[in-house]
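For the protein sequence lines, the chains are A and B, in the order given.
The opening position of the first sequence corresponds to residue 1 in the working numbering, with each subsequent residue numbered one higher.
The opening position of the second sequence corresponds to residue 1001 in the working numbering, with each subsequent residue numbered one higher.
In what follows, a structure is listed as structure tokens, so that the remarks can point back to it.
2 protein chains.
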Amino acid sequence: MIARAQSGVYAYHHVAEEITAQILRGDLKPGDQLPGEAELGTRFGVTRSTLREALRQLESDGLVHRPSPRRLEVSVPQADLLTSRAGRAMALMKVTFRELWEVTMLTEPLAARIAAERAAMAEIESLQGLHAELVAAEGDMARTLDLDEQFHTRLADIGGNRVLGLAREPIALLLFRGFARIAPHAPQFFRRQIEAHSHIVAAIRDRDANRAEKWARKHIEDFWRGAQIAGLEDAIARNPGALSPPAAAMD
Amino acid sequence: MIARAQSGVYAYHHVAEEITAQILRGDLKPGDQLPGEAELGTRFGVTRSTLREALRQLESDGLVHRPSPRRLEVSVPQADLLTSRAGRAMALMKVTFRELWEVTMLTEPLAARIAAERAAMAEIESLQGLHAELVAAEGDMARTLDLDEQFHTRLADIGGNRVLGLAREPIALLLFRGFARIAPHAPQFFRRQIEAHSHIVAAIRDRDANRAEKWARKHIEDFWRGAQIAGLEDAIARNPGALSPPAAAMD
DNA sequence: CAATGGCGTAGTGTCGGACGCTAGGGGAGG
DNA sequence: CCTCCCCTAGCGTCCGACACTACGCCATTG
Chain A
1 MIARAQSGVY AYHHVAEEIT AQILRGDLKP GDQLPGEAEL GTRFGVTRST LREALRQLES
61 DGLVHRPSPR RLEVSVPQAD LLTSRAGRAM ALMKVTFREL WEVTMLTEPL AARIAAERAA
121 MAEIESLQGL HAELVAAEGD MARTLDLDEQ FHTRLADIGG NRVLGLAREP IALLLFRGFA
181 RIAPHAPQFF RRQIEAHSHI VAAIRDRDAN RAEKWARKHI EDFWRGAQIA GLEDAIARNP
241 GALSPPAAAM D
Chain B
1001 MIARAQSGVY AYHHVAEEIT AQILRGDLKP GDQLPGEAEL GTRFGVTRST LREALRQLES
1061 DGLVHRPSPR RLEVSVPQAD LLTSRAGRAM ALMKVTFREL WEVTMLTEPL AARIAAERAA
1121 MAEIESLQGL HAELVAAEGD MARTLDLDEQ FHTRLADIGG NRVLGLAREP IALLLFRGFA
1181 RIAPHAPQFF RRQIEAHSHI VAAIRDRDAN RAEKWARKHI EDFWRGAQIA GLEDAIARNP
1241 GALSPPAAAM D
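In structure tokens, the structure reads:
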């Protein structure tokens, strides 16, 4: 079953699409191990070089990965991969603060609401812990930024809506990083942030979804006011790089 | 400046990261043309084979593309690329209807609201045209599905919030495709859909953002009722493949 | 008998070279 | 000056090779 390239369709592209199709169709399931490159190559009628180009694409799409250098297996795309790709794209297309904010005004309140409805005790405690750290970090900008991100991400995780998680993560990250540009112009921001977060945590503890949602909304609204004060309502989101999560330090 | 691979860091990976960094940093701007593979290879101290693996990754990330086979240039990731990647991922992680719906309940009303606030005359007319087609297609399931997707996508485009567009597209697509499973159980659905759409269009024409938003919400709420009737509230979203736009038929 | 350590192999990452094909530029001809 | 044709650079693909290293196998040892 030699795969001869039709005009315009490159072999590596064809191979990648074929394997992708097999995965989406379910012929290959996440966790399945794939044969070696040599065999895959002959199987599709291409050389290893060509096959490897296809693999790089699949890898980049998160459809396969190597848990160990000798093992190549099918996987479901990791959230942080999608997050960084989407974040990069938004940064490159120079989305504005307003665009980010308008959407965040939806996602964070929903995240808070769902969390209030579904949080388990342990999760609430973990949120409280995070919040305590935030309070303790008052004044330390970098740390505050980091903890804020974590807080919102965990909030979303607690709700358990993965679609929401996927959609909001890159957006929230870009927006929150803008915080760094706002804070200097709005010093009262730290306090208001802490206040909002603690109301959210309290509401979740009380299982009061409406209150949680309301405070999340206020929190993000505040953000917008800060941006106005700082005069970057329609400023573009910068700092494209380093979007991936803290990420196991490795390099 | 030979790039010798540090332990664990592969040459192709390093090259891809390096070029990516240059793009994000702004050293390379969208539209810039890159040198030939041979030169790029020597520049990074790797063979063409290796360099090509890096290129496949960048290409897959949408950071570079070939407008013509001879020209390789930097580009900002295309929306439909991100859409299909995200859609695939969600399908593979078997997100439920509920998850999709919860988020869509936010995105579509916002899209309608913004559209009402910002639509230009021509855009309103184009929406009306699309709606007219939908009305005419009553009964034709496939066509209805397609037009519905188009309607919502155009609605979002009109608002001009690219972040919203990027976030909602894969989600809406997956959800709306579920329509195919709902419709048979809820025949009155076609009519209600048409009703909702026409209210939305009318509200936008009248520049009534609240009404537009309200009807969009009702529209998506309806969708959920349909899902309940069809008994697939927590059914997983299937049909992972064919998420990309109509797409030139090829294979 | 189980645990430990060494050995061999298969398989990956990278290299170098080669060849056909085609897009696109440059020169010849109108 | 414009048009057409030829030539070449560069891409897609193939082939063959080599170093390095997980990993399984086997023998040794307590």
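Note that CB positions come from ideal geometry on N, CA and C, so glycine has one too.
These numbers were taken from a predicted model, which means no experiment stands behind them.
The beta carbon of Q22(A) does not come within 8 Å of any beta carbon belonging to chain B, so the residue lies off that interface.
When only Cα atoms are considered, R143(A) and E1221(B) end up about 41 Å apart. For E1059(B), the uninterrupted alpha helix (DSSP H) run begins and ends at 1048–1061, by DSSP.
Its chain contains V1074 as the residues whose beta carbon lies nearer than 7 Å to that of K1029(B), once the 5 sequence neighbours on both sides are disregarded; these appear in chain order.
When C-beta distances to chain A are compared with 8 Å, the residues of the stretch 1105–1136 of chain B below that value are L1106, T1107, L1110, I1114, in chain order. Non-local C-beta neighbours of Y12(A) in its own chain, meaning closer than 6 Å and more than five positions away in sequence, comprise T50, E53, A54, ordered along the chain.
Taking a beta-carbon distance threshold of 8 Å, I171(A) counts as an interface residue toward chain B.
Shown here, R1207(B) sits in coil according to DSSP, grouped into three states, outside any helix or strand. R71(A) has S68(A) as its beta-bridge partners, per DSSP. For W1215(B), the closest C-alpha among the options L1166(B), L1106(B), P1035(B) is that of L1106(B).
The Cβ of E1102(B) sits closer than 8 Å to at least one Cβ of chain A. By the C-beta density criterion, D1061(B) is buried, having at least 16 other C-beta atoms within 10 angstroms.
Looking at Q188(A), R211(A), A186(A), the one whose alpha-carbon comes closest to that of S198(A) is R211(A). Interface residue (Cβ-Cβ distance to chain A less than 8 Å): Q1228(B) is not classified as such. Within chain A, no residue has its CB atom less than 9 Å from the CB of G1139(B), the nearest being about 30 Å off. Sorting Q1128(B), V1095(B), K1094(B), L1164(B) by C-alpha distance to the C-alpha of V95(A) places L1164(B) at the top. With fewer than 16 other CB atoms across the displayed protein chains lying within 10 angstroms of its CB, E39(A) is exposed. Taking 9 Å as the Cβ-Cβ cut-off, the stretch 1039–1062 of chain B approaches chain A at S1049, R1052, E1053, A1054, L1055, R1056, Q1057, L1058, E1059, S1060, D1061, G1062, given in chain order. At a cut-off of 8 Å, the C-beta of V1064(B) has no neighbouring C-beta in chain A.
Exclusion of the five residues before and after D1234(B) leaves T1096, F1097, R1098 as the residues of its chain whose Cβ lies within less than 8 Å of its Cβ. The beta carbon of R1118(B) is closer than 8 Å to those of I1158, G1159, G1160 in its chain, skipping five residues each way along the sequence. E37(A) has a beta carbon lying at 8 Å or more from every beta carbon in chain B. From the beta-carbon of V95(A), the residues of chain B found nearer than 9 Å are N1161, R1162, V1163, L1166. Neighbourhood of E1099(B) in chain A, by CB distance below 8 Å: N161, R162, V163, L164, in chain order. Chain order gives no chain A residues near L1145(B), where near means a beta carbon separation below 8 Å; the closest approach is about 19 Å. Note on the stretch 141–205 of chain A: there is no whole beta strand (DSSP E) run with a minimum of 3 residues.
Beta bridge pairing from DSSP links Q1033(B) with E1073(B). As the crow flies, the alpha-carbon of A1111(B) is around 43 Å from that of Y1010(B).
In this structure A1237(B) is not in contact with E1169(B), their Cβ atoms being roughly 14 Å apart against a cut-off of 8 Å. Cα atoms of T1104(B) and P77(A): separation of roughly 22 Å, rounded to the nearest angstrom. Neighbours of V76(A) in chain B, taken as residues at a C-beta separation under 8 Å, are given in chain order as A1089, L1092, M1093.
Residue-level contact by beta carbon holds for R85(A) and chain B, with a gap shorter than 8 Å. Taking all protein chains shown into account, E149(A) has 16 or more neighbouring C-beta atoms within 10 Å of its C-beta and is therefore buried.
For Q128(A), the closest of I114(A), D140(A), L147(A) by C-alpha to C-alpha distance is L147(A).
The Cβ of L1082(B) sits closer than 8 Å to at least one Cβ of chain A. Nearest C-alpha to R192(A) among A203(A), L63(A), F223(A), D206(A): F223(A).
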